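**Q** Residue numbers (my numbering), protein chains in the order written: chain G, 32 to 540; chain Y, 4 to 408; chain C, 15 to 74.
Glycine included, C-beta positions come from ideal geometry on N, C-alpha and C.
None of the values given here were measured: they were computed from a predicted structure.
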Amino acid sequence: MTSILKYGTIDDKILEELRAIVGDENVFTEPHHRAIRASVPAPFPLHKWSEHTPDVVVLPGSTQEVSEVLKISNKYKIPVVPRGGATGLADGAMPLRKGIILDIKRMCEILEIDEVDRTVTVQPGINMQELNRVLEKLGLWFPDDPASYPVAVVGGRVGTGGWSLVGAFGGHVPDLVLSMEVVLPTGDIIRVGNGGGRKIRKSSVGYRLKDLFIGHQGTLGVVTEITLDVFPRPEVEFPAFFGYNSFEHAYENAFKMTTSGLRTLGAVVIFDEEKVEYLRRDDEAYIPQPKSIKSIIATVMYGTEAEVEGAKKRLFEIAEKDGAIYLGEELSEGDWASRHDRYALPLHGRRRSDWQVVPMTWHCEDAAINHSQLPYVRKRWHEIASRYIEQYDGVFDDWGMFMYSNPPFRPWGDYLTEIDIGINELALDEETWEAWVNMKREIAEVVIEVEGSISACHGGTREGDVEVCVRQELKDGQFELMKKIKKMLDPNNIMNPGKYMLDEAYQEG
Amino acid sequence: MVELLSYKKFYDEPLKKDEPVSEEITKDCYTVFACRHKFCREVCPVYQELRNESYTSYGFHAALLSVSRGIESLGNMKETITYCLECGACELRCPNTLFGGDFYKRRTTTVDLVRKIRRDLIAENEKPNNWGEVEKKIDQYKKYYNSSPEEIRQWAKDLEIPTTGDTILFVDYFTAFQETVTVRTAAQILMKAGVKFGVIERPGLTLGELYETNFDEWLAHAKETIEALKSAGAKTVIVVNPHEYVYLTREYPKYMGSLPFNVIFITEYVAKLIENKKIKLTTEVDIKATYHDPCALNKFSGIWESPRKIIESIPGLEYTDEDPVSQWYNCCGNGIASFKELHPELSYRIGTSRLRKAADLGVQYLLLGCPHCKDQLSEVQTKSKINVEPIHLLEIVAKAMGLEV
Amino acid sequence: MVRHAIIKYGHFMVDPDDMQDVIRQQELNEEEIERIVKYRWMYLDWMHKRFADKVVKPPE
Ligand SMILES: Cc1cc2nc3c(=O)[nH]c(=O)nc-3n(C[C@H](O)[C@H](O)[C@H](O)COP(=O)(O)OP(=O)(O)OC[C@H]3O[C@@H](n4cnc5c(N)ncnc54)[C@H](O)[C@@H]3O)c2cc1C
Numbered sequence: 032m033t034s035i036l037k038y039g040t041i042d043d044k045i046l047e048e049l050r051a052i053v054g055d056e057n058v059f060t061e062p063h064h065r066a067i068r069a070s071v072p073a074p075f076p077l078h079k080w081s082e083h084t085p086d087v088v089v090l091p092g093s094t095q096e097v098s099e100v101l102k103i104s105n106k107y108k109i110p111v112v113p114r115g116g117a118t119g120l121a122d123g124a125m126p127l128r129k130g131i132i133l134d135i136k137r138m139c140e141i142l143e144i145d146e147v148d149r150t151v152t153v154q155p156g157i158n159m160q161e162l163n164r165v166l167e168k169l170g171l172w173f174p175d176d177p178a179s180y181p182v183a184v185v186g187g188r189v190g191t192g193g194w195s196l197v198g199a200f201g202g203h204v205p206d207l208v209l210s211m212e213v214v215l216p217t218g219d220i221i222r223v224g225n226g227g228g229r230k231i232r233k234s235s236v237g238y239r240l241k242d243l244f245i246g247h248q249g250t251l252g253v254v255t256e257i258t259l260d261v262f263p264r265p266e267v268e269f270p271a272f273f274g275y276n277s278f279e280h281a282y283e284n285a286f287k288m289t290t291s292g293l294r295t296l297g298a299v300v301i302f303d304e305e306k307v308e309y310l311r312r313d314d315e316a317y318i319p320q321p322k323s324i325k326s327i328i329a330t331v332m333y334g335t336e337a338e339v340e341g342a343k344k345r346l347f348e349i350a351e352k353d354g355a356i357y358l359g360e361e362l363s364e365g366d367w368a369s370r371h372d373r374y375a376l377p378l379h380g381r382r383r384s385d386w387q388v389v390p391m392t393w394h395c396e397d398a399a400i401n402h403s404q405l406p407y408v409r410k411r412w413h414e415i416a417s418r419y420i421e422q423y424d425g426v427f428d429d430w431g432m433f434m435y436s437n438p439p440f441r442p443w444g445d446y447l448t449e450i451d452i453g454i455n456e457l458a459l460d461e462e463t464w465e466a467w468v469n470m471k472r473e474i475a476e477v478v479i480e481v482e483g484s485i486s487a488c489h490g491g492t493r494e495g496d497v498e499v500c501v502r503q504e505l506k507d508g509q510f511e512l513m514k515k516i517k518k519m520l521d522p523n524n525i526m527n528p529g530k531y532m533l534d535e536a537y538q539e540g
Numbered sequence: 004m005v006e007l008l009s010y011k012k013f014y015d016e017p018l019k020k021d022e023p024v025s026e027e028i029t030k031d032c033y034t035v036f037a038c039r040h041k042f043c044r045e046v047c048p049v050y051q052e053l054r055n056e057s058y059t060s061y062g063f064h065a066a067l068l069s070v071s072r073g074i075e076s077l078g079n080m081k082e083t084i085t086y087c088l089e090c091g092a093c094e095l096r097c098p099n100t101l102f103g104g105d106f107y108k109r110r111t112t113t114v115d116l117v118r119k120i121r122r123d124l125i126a127e128n129e130k131p132n133n134w135g136e137v138e139k140k141i142d143q144y145k146k147y148y149n150s151s152p153e154e155i156r157q158w159a160k161d162l163e164i165p166t167t168g169d170t171i172l173f174v175d176y177f178t179a180f181q182e183t184v185t186v187r188t189a190a191q192i193l194m195k196a197g198v199k200f201g202v203i204e205r206p207g208l209t210l211g212e213l214y215e216t217n218f219d220e221w222l223a224h225a226k227e228t229i230e231a232l233k234s235a236g237a238k239t240v241i242v243v244n245p246h247e248y249v250y251l252t253r254e255y256p257k258y259m260g261s262l263p264f265n266v267i268f269i270t271e272y273v274a275k276l277i278e279n280k281k282i283k284l285t286t287e288v289d290i291k292a293t294y295h296d297p298c299a300l301n302k303f304s305g306i307w308e309s310p311r312k313i314i315e316s317i318p319g320l321e322y323t324d325e326d327p328v329s330q331w332y333n334c335c336g337n338g339i340a341s342f343k344e345l346h347p348e349l350s351y352r353i354g355t356s357r358l359r360k361a362a363d364l365g366v367q368y369l370l371l372g373c374p375h376c377k378d379q380l381s382e383v384q385t386k387s388k389i390n391v392e393p394i395h396l397l398e399i400v401a402k403a404m405g406l407e408v
Numbered sequence: 015m016v017r018h019a020i021i022k023y024g025h026f027m028v029d030p031d032d033m034q035d036v037i038r039q040q041e042l043n044e045e046e047i048e049r050i051v052k053y054r055w056m057y058l059d060w061m062h063k064r065f066a067d068k069v070v071k072p073p074e
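#1: Along chain G, which residues have their Cβ under 8 Å away from the Cβ of Ser69/Y?
#2: Determine, using beta-carbon pairs with one atom in the segment 144 to 153 of chain Y and one in the segment 207 to 217 of chain Y, whether at least three such pairs fall under 8 Å.
#3: Can you give the Cα-Cα distance for Met32/G and Ile45/G, rounded to whole angstroms?
#4: Taking only three categories from DSSP, how would you classify Gly336/Y?
#5: Shortest alpha-carbon distance to Leu18/Y belongs to which of Ile28/Y, Lys12/Y, Lys11/Y and Ser9/Y?
#6: Which residue wins for smallest C-alpha separation from Trp188/G, given the options Glu143/G, Ala281/G, Ile221/G and Ile135/G?
#7: Buried or exposed: where does Arg222/G fall if 16 or more other Cβ atoms within 10 Å of its Cβ makes it buried?
#8: Could you check if Val253/G belongs to the surroundings of ligand 1, using beta carbon to heavy atom distance under 6 Å?
#9: So, helix, strand or coil for Met32/G, using DSSP?
#10: Between the alpha carbons of Lys233/Y and Ala19/C, how many angstroms are there, rounded?
#11: I want to see whether chain Y comes within less than 7 Å of Glu44/C, judged by CB atoms only; does it?
#12: Measure the alpha-carbon distance for Ser81/G versus Gly260/Y and round it to whole angstroms.
#13: Does any heavy atom of ligand 1 sit closer than 6 Å to the C-beta of Ala199/G?
#14: Check Tyr10/Y in the structure and name its three-state DSSP category.
#15: What's the gap between the Cα of Val46/Y and the Cα of Cys93/Y?
#16: Within 7 Å of any Cβ in chain Y, is that where the Cβ of Val51/C sits?
#17: Taking contact to mean at least 3 C-beta pairs separated by less than 8 Å, is the segment 282 to 290 of chain Y in contact with the segment 305 to 319 of chain Y?
#18: Could you please give the first and the last residue of the uninterrupted beta strand (DSSP E) stretch that includes Ala546/G?
#19: In whole angstroms, what separates the C-alpha of Ser381/Y from that of Asp521/G?
#20: When you compare each of Ile454/G, Phe427/G, Lys344/G and Trp386/G to Asp76/C by their alpha carbons, which one comes out closest?
#21: Between which two residues does the beta strand (DSSP E) harbouring Met211/G extend?
#22: Report the three-state DSSP secondary structure of Val400/Y (helix, strand or coil).
#23: I want to see whether chain C comes within less than 7 Å of Met32/G, judged by CB atoms only; does it?
#24: Under a three-way DSSP split, which group does Ile29/G fall into?
#25: Enumerated in chain order, which unbroken segments of the alpha helix (DSSP H) with a length of 4 residues or greater are wholly contained in the segment 303 to 377 of chain Y?
#26: On the DSSP letters alone, give me the boundaries of the alpha helix (DSSP H) that Leu447/G sits inside.
#27: Please confirm whether any heavy atom of ligand 1 lies closer than 6 Å to the CB of Gly103/Y.
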């Protein structure tokens with residue numbers, strides 16, 4: 032197959048036009064500005080850095096500027112990759128075809144807070160921590176709480192269709208977006224919502240186009256304004272961590288917790304045995320735990336004091352009846368508060384043969400897996416990881432698994448299932464990169480085998496995943512339809528080209 | 004005495020334009036690149052204004068890593084590396100420090116790296132825009148240094164302070180020649196409390212601009228300062244300028260080992276005097292105020308309690324606190340060394356953001372613990388007319404003691 | 015092969031032997047280590063306050 036499209040090159044004339052739109056001070060061409068924006072936190076092929084370095088970095092300041100930039104890109108056929116917080120773990124904001132990086136973090140205003148209809152309207156470059164620091168003064172709360180809470184921005188949350196740690200209580204990004212302004216690849220500006228409503232939470236009018244613009248990884252346009260649902264700020268928080276003598280033990284108790292009907296339960300998280308061992312490497316909270324504690328469940332409750340006071344007793348009954356051990360206030364509170372930081376430091380990495388510390392980055396698998404399949408997936412994933420670690424010790428490392436309750440507004444049925452793999456990118460070369468991609472592919476294929484979904488929050492755009500996503504997970508007509516939609520909205524394939532193998536929409540033969 | 008030592012010796016090896024980046028520096032940069040959480044970015048006061056991630060701890064480390072990989076040349080970093088206040092927020096908030104620094108005995112040291120790159124670039128004759136302003140400042144300070152003893156002590160000419168003593172009030176050239184109110188106030192408070200202290204005749208230059216351009220010269224001055232303090236008989240050195248406090252407690256010990264005297268910051272000293280009833284706060288000061296944590300104290304030195312203790316003991320003062328962790332995000336915009344000379348407009352923007360935050364709390368006064376913050380924010384206030392008056396907290400203490408300063 | 019943490023200055027620390035070959039420790043004195051630990055707890059307290067007015071205690 033060959034592509035029927037050819038991209039233009041960015042020459043001085045195009046640079047001048049870009050500068051005229053956003054101002055000289057917001058266009059960067061020096062190599063380091065571009066190199067910094069080549070990668071996101073997914074393992075990055077450092078040995079092929081230049082292949083992903085964009086040609087130019089543009090920092091727009093308004094919807095109008097975004098629209099003008101897209102018009103130029105469409106006219107000259109220049110690829111454009113939106114970049115938000117650049118914390119996406121699926122390489123969404125990593126350029127595959129060079130072009131323009133459209134870094135939207137300058138657009139970070141809160142445009143309106145509506146205390147009566149309970150919404151906030153923001154630009155895409157604001158992060159949840161910044162937003163909540165303003166909302167909390169009004170007794171309001173935007174409940175999207177990814178582990179990247181202080182850094183991911185709302186635009187990127189929408190671009191990935193993100194998942195929140197407390198989603199069982201407060202829902203996830205797709206549940207919290209009421210309407211959005213989107214600049215299409217042609218530069219046209221549209222508004223999508225629930226029907227035509229701006230602040231409406233449920234409507235039956237028209238197609239559900241809003242959903243099309245959530246989780247598209249910047250392949251269909253750029254979101255420039257978002258109206259979000261806001262919650263009352265919770266009166267109380269109650270984190271409680273419990274210890275178990277085996278993974279199976281925790282797994283059984285997690286079923287009882289998630290199906291208990293407790294509405295204040297914001298999260299139920301299983302730490303498997305490898306995860307607990309890993310935490311014992313360097314974490315002051317876990318090192319002193321007795322050896323008999325092999326698996327852990329973390330829970331958290333949010334709500335009014337009256338509700339949580341009652342619910343916490345019930346939760347303890349469920350845990351204690353199964354012989355779980357409460358791990359104490361200090362660990363529960365401290366570890367819950369460190370949920371955005373603690374689990375992935377580069378120095379966690381170890382070379383297994385001699386236990387030397389090796390700086391590694393962090394890969395986080397995030398499949399959605401049904402409760403019934405967790406033990407099988409766990410066994411297979413660790414087997415796969417071990418095989419590669421044995422061959423490439425000091426390059427890869429198994430950091431254990433978390434299983435988080437996955438559905439919005441309820442905790443039962445399926446889990447965001449995460450295996451964390453350490454990768455020493457400094458040691459990557461053609462061979463080890465290929466090994467990495469193969470490892471990922473094998474991991475993804477297990478997900479298909481159990482009828483799960485490869486990604487609950489990051490997206491299926493990573494090398495290794497993407498073929499399994501497109502050829503297997505989306506094979507029953509969904510990928511074919513995606514290609515038609517992509518070609519219709521983006522005739523010149525300028526928006527984040529190469530992602531989700533959507534180039535195929537533009538190929539013949 | 005609290006000496007806080009964090010030192011990566013391999014930073015002392017200079018980077019050269021046409022030579023490969025050493026393996027140790029490469030791994031050091033990689034350890035920040037590998038993190039990629041980018042919490043460092045959000046806490047950065049420069050980022051909060053410009054929203055450009057090139058100008059963050061992650062950006063600097065990733066840029067130098069790209070140099071090590073042959074994607075960029077070192078000289079091209081010369082403008083980028085000036086976009087740092089050296090406020091220390093990023094390296095503190097970095098999970099490598101906050102969540103693992105103690106365990107691994109290895110932490111992120113962005114400020115040291117920024118200084119190093121700046122210094123190495125100047126040595127390679129790669130000077131950023133506006134560099135003339137920095138040179139002018141260094142020259143100005145050399146003039147201060149070469150002034151007569153009378154000129155150096157002009158700020159205290161009617162106070163009759165000896166030049167020796169067990170206890171020495173350390174007065175640097177910025178506070179001796181420019182922001183003189185702060186040291187004068189400090190001296191008068193100490194005198195009224197009955198503290199016997201001296202001021203040395205001629206300290207060396209402590210200047211951050213010199214530190215990050217000509218290390219050897221800066222170190223020679225540092226040695227001179229230590230010698231002068233020693234020969235004046237110092238056992239305790241009270242410091243009024245937080246920047247100097249950082250040099251004395253964090254930087255000098257790196258190169259000169261433990262200092263032969265105890266260094267204490269003025270707010271720690273004054274808080275003790277209040278506690279021991281040596282200072283009596285009797286006059287009501289009827290104002291509404293909040294406090295700005297100076298970066299050098301809050302982010303580098305672990306000093307945030309004593310200023311608050313002092314403020315809370317002032318009769319009549321209605322105090323609204325912004326907690327120290329929230330203040331990791333703040334800076335007055337002056338920066339520790341050359342930032343303001345190189346980026347006057349940006350410095351002003353950061354300053355106005357800081358004043359606005361205070362204004363949002365509905366207070367009349369922003370209390371300060373640092374003469375550089377005072378200099379900077381007073382200038383910003385005059386220009387922006389934001390309705391909050393910056394004032395050093397020692398001036399309020401003096402008022403409450405009934406002192407005419 | 016798994017080596018465990020040692021205790022120094024009353025804190026858990028990596029066994030220095032584990033940081034010889036690939037990445038090394040730096041100079042960091044006890045006071046600086048204490049400072050990091052203190053800041054960490056401050057930060058964690060601060061984080062709780064961002065999410066709710068209060069943290070409730072476990073049942074008896
Ligand atoms: C430490 C850590 C923890 C994490 N924990 C979680 C978690 O708990 N839950 C979770 O969901 N994710 C998590 N992630 C992943 C990541 O934070 C999310 O995927 C997040 O939604 C990405 O947001 P971002 O702003 O960083 O977007 P980026 O990475 O910049 O972009 C993500 C995608 O969105 C596109 N995009 C960005 N802005 C726009 C826009 N304005 N319009 C259209 N498309 C756009 C980009 O092109 C890209 O394809 C974590 C990441 C890290 C590093």
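**A** Judging by the given coordinates:
#1: Around Ser69/Y, the beta-carbon contacts reaching into chain G at under 8 Å are Pro62, His63, Ala66, Ile67 and Trp80.
#2: yes
#3: Because the pLDDT of Met32/G is 49, which lies under 50, any placement of that residue in the model is unreliable, and the question is left without a value.
#4: coil
#5: Ile28/Y
#6: With the sequence shown as reference, residue 188/G is identified as Arg, and Trp is not the correct amino acid for it. For the residues Glu143/G, Ala281/G, Ile221/G and Ile135/G, the minimum Cα distance to Arg188/G belongs to Ile135/G.
#7: exposed
#8: yes
#9: Model confidence at Met32/G stands at a pLDDT of 49, short of 50, so the residue's coordinates are unreliable; what they give is reported in the following sentence. In the structure shown, Met32/G sits in coil (DSSP, three-state: anything other than H, G, I, E or B).
#10: 42 Å
#11: no
#12: 44 Å
#13: no
#14: Residue state, collapsed to three classes: strand.
#15: 6 Å
#16: yes
#17: yes
#18: Nothing about residue 546/G can be read from this structure; chain G reaches only from 32 to 540.
#19: 53 Å
#20: There is no way to answer for residue 76/C, as the model of chain C reaches only from 15 to 74.
#21: Unbroken beta strand (DSSP E) run through Met211/G: Val208 to Val214.
#22: helix
#23: At Met32/G the pLDDT is 49, less than 50, meaning the model places this residue with poor confidence and gives no usable figure here.
#24: Only positions 32 to 540 of chain G appear in this structure, which leaves residue 29/G out of reach.
#25: 308 to 315, 342 to 345 and 347 to 363
#26: No alpha helix (DSSP H) holds Leu447/G; the beta strand (DSSP E) holding it covers Asp445 to Ile454.
#27: no
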